[in-house]
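Before any comments, here is the structure.
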Amino acid sequence: MCRGGDSSPYGAQRLSKKPSTSLTNECVTNVEPVLLTQRWTVHSVHKCLRDSSMPDACWQLCLYPGGKRPENANNVSLFLKMSATSPLKEVIVKAEYRFFFLDEDDEIKFSNVNIGDFHAKPPKGGHSWGLRNIPRQKVW
């Protein structure tokens with residue numbers, strides 16, 4: 001509700017020290033905060049990010065809660081990226097990767113298993129595979 005005679009159906013309040021005849025359109029909106037928790041578990045992380053059997057490759061997990069690109073804005077995007085340890089090296093790896101989103105009871109809400117050919121070559125030195133359009137309702 002706005003002070004000074006105006007009201008808002010959205011719960012906004014007008015705050016003004018001026019008399020009601022000279023009020024400006026200043027409003028404050030009260031918003032209840034939303035608390036979210038994200039927990040990541042990566043098993044054997046020392047083996048995942050850098051593996052002695054593949055000294056020329058390192059790995060990244062890239063999460064975009066609001067989507068990677070504007071056209072993915074209402075979705076979640078998740079990628080596994082392999083990079084060469086040197087921008088001058090070419091690295092080719094075939095890998096199976098599994099993505100899981102769990103709820104607070106550790107029940108699977110969304111999962112995806114895939115096999116990807118990761119090819120990092122100069123000058124970029126990196127290659128990623130993943131999912132651009134995971135519906136938010138499946139993972140939140």
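Residue numbers 1 to 140, in the UniProt record's numbering, belong to the letters of the sequence shown in order. C-beta: ideal position from N, C-alpha, C; glycine also. Please read all numbers here as calculations on a predicted model, not as lab measurements.
In DSSP terms, what residue i is bridged to
i	result
L88	Partner(s): none; L88 has no beta bridge.
V113	R98
A57	A84
W129	L80
P135	N75
Same chain only: Cβ atoms within 6 Å of residue i, ignoring 5 sequence neighbours per side
i	result
I115	E96
W140	none
Sequence-distant residues of its chain with Cβ nearer than 7 Å to residue i (five each side left out)
i	result
F100	I108, S111
C80	Note on identity: in this sequence residue 80 is Leu, with Cys being the wrong assignment. Counting only Cβ-Cβ distances below 7 Å, and skipping sequence neighbours, we find W59, L61, Y97, S128, W129, G130.
L63	L78
Beta-carbon gap between residue i and residue j smaller than 7 Å
i	j	result
A57	V113	no
A120	V91	yes
G67	S77	yes
P87	P122	yes
Cβ distance (whole Å) where residue i is taken to contact residue j below 8 Å
i	j	result
G125	S83	6 Å
N133	N75	4 Å
Cutoff 8 Å; reference residue i; Cβ partners in own chain excluding five residues on either side
i	result
P55	T85
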